[in-house]
Structures are given as C-alpha cells and as structure tokens.
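Quick note: the sequence shown uses the numbering used here, first residue 101, plus one each step.
Where is the CB? At the ideal position from N, CA and C, for every residue including glycine.
Since the structure is predicted, the reported quantities are computational estimates derived from the model, not experimental observations.
All remarks here apply to the structure that follows.
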Amino acid sequence: MEDKLNLILEKLTNLEEGQTKLEKGQLTLAERQRTLEEGQLNLSERQSRLEDGQLNLIDRQGKLEEGQLTLIDRQGKLEEGQLTLIDRQGKLEEGQLNLIERQSKLEEGQLNLIERQSKLEEGQLNLESRFISLEDKIDNHASEFRAYFKHINSKLDEHHQVFQVVSTEMKNLKIDSDFQSGKLGRHDTEINNLKKRIQS
Numbered sequence: 101m102e103d104k105l106n107l108i109l110e111k112l113t114n115l116e117e118g119q120t121k122l123e124k125g126q127l128t129l130a131e132r133q134r135t136l137e138e139g140q141l142n143l144s145e146r147q148s149r150l151e152d153g154q155l156n157l158i159d160r161q162g163k164l165e166e167g168q169l170t171l172i173d174r175q176g177k178l179e180e181g182q183l184t185l186i187d188r189q190g191k192l193e194e195g196q197l198n199l200i201e202r203q204s205k206l207e208e209g210q211l212n213l214i215e216r217q218s219k220l221e222e223g224q225l226n227l228e229s230r231f232i233s234l235e236d237k238i239d240n241h242a243s244e245f246r247a248y249f250k251h252i253n254s255k256l257d258e259h260h261q262v263f264q265v266v267s268t269e270m271k272n273l274k275i276d277s278d279f280q281s282g283k284l285g286r287h288d289t290e291i292n293n294l295k296k297r298i299q300s
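So this is what it looks like as structure tokens:
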C-alpha cells in the first residue's frame with residue numbers, strides 16, 4: 101500500500117515538475133513571441149524606412165536623370181560652342197595668314213621704297229655734284245662775262261665819244277647843207293626871174 105502511495109506521490113511530483121517546466125516553457129514561448137513581435141515591428145519599421153529610402157532613391161535617381169539630361173544638353177551646347185570656337189579659330193588663323201602675307205608685302209614694298217630712296221639719294225648726290233659743277237661753270241662764265249662787259253663798256257665809251265664827234269660833225273654838215281640849200285634856192289629864184297624877164 102505504501103508502495104502505491106509512493107508511486108502516486110512520485111507521479112504527482114513528476115507532474116508538478118512537468119507542469120512547472122510547461123509553465124516555464126510557456127513563459128519562454130511568450131517571451132520569445134514578444135521578442136518576435138518586437139522584431140517584427142522592428143522589421144516593419146525598417147521595411148518602412150527601406151521603402152522611404154527606396155522612394156528617396158527613386159526621387160534622387162529621377163533628379164540624377166534630369167541632371168544627366170541637363171548635362172547632356174549642356175555638353176551639346178559646349179560641343180556647339182567648341183565647333184564655333186574651332187570655326188572662329190580657323191578664321192583667326194586665316195586672318196593671321198592674310199596679315200602675315202600683307203606684312204610680307206609691306207616689307208617688300210618698304211625694301212622697294214628703301215631702294216628707290218637710295219637711288220633718289222644717289223641721283224640727288226649726282227645732281228648736287230652737277231649743280232656744283234654748273235655753279236663753278238656759271239661763276240667762271242660770270243667772271244668772263246664781267247670782263248667781257250667791262251671791255252664792251254670801255255668800247256661803248258670809245259664809240260660814244262666817236263658818235264658824239266660824228267654827231268657834231270653831222271650837225272655842222274647839216275647847217276652847211278641848209279645854208280647851201282638856201283643859197284641854191286635863192287639862185288634858182290633869181291634864175292627863174294631872169295628867165296621870165298627874157299621871155300617877156
């Protein structure tokens with residue numbers, strides 16, 4: 101009888117221990133469930149954050165795409181500007197070549213002017229030399245002419261004196277001629293008077 105009671109007590113003890121273990125396991129399960137629920141809430145919150153972050157990434161990606169389009173447009177404009185600069189550079193190089201050609205022509209013309217100026221200076225020196233020679237000749241001729249004019253003046257003085265003598269003599273001859281003419285006129289008158297008397 102006692103053995104049966106001991107067995108029953110042992111079984112009851114085992115049942116109590118099992119019940120205690122079950123209760124502890126249930127508490128552990130409840131705690132783990134709360135932990136799982138908290139983790140699920142954390143996961144939901146993190147998922148919401150991930151979704152928000154994904155939306156932010158999508159928005160940022162849209163902005164990046166817009167910025168990329170803007171950059172592509174700006175790059176196109178830069179390429180157009182670069183082509184314009186290349187064209188302008190080509191025109192500048194062409195203008196520079198024209199300036200170099202014009203400068204070469206100016207330098208060539210300057211050399212021609214220098215050569216012509218040298219020839220003019222040489223001609224001027226020749227003219228000055230000829231002018232000096234001509235001045236010497238003129239001075240020599242002037243000296244000769246002065247001597248010749250002095251000789252002519254002296255001859256003219258002599259001729260003037262001769263002319264005065266001749267003029268005086270011619271005046272005297274004229275007076276004599278007038279006197280003789282007057283005498284001849286009277287004689288002619290007397291002869292005519294005599295002829296008239298004879299005829300009458």
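Asked: Entirely enclosed beta strand (DSSP E) segments - the stretch 170-221, minimum 3 residues; Found: none
Asked: Between the CA atoms of residue 229 and residue 205 - distance to the nearest angstrom; Found: 35 Å
Asked: Straight-line gap, residue 120 to residue 159 (C-alpha atoms, nearest Å); Found: 57 Å
Asked: Straight-line gap, residue 173 to residue 184 (C-alpha atoms, nearest Å); Found: 16 Å
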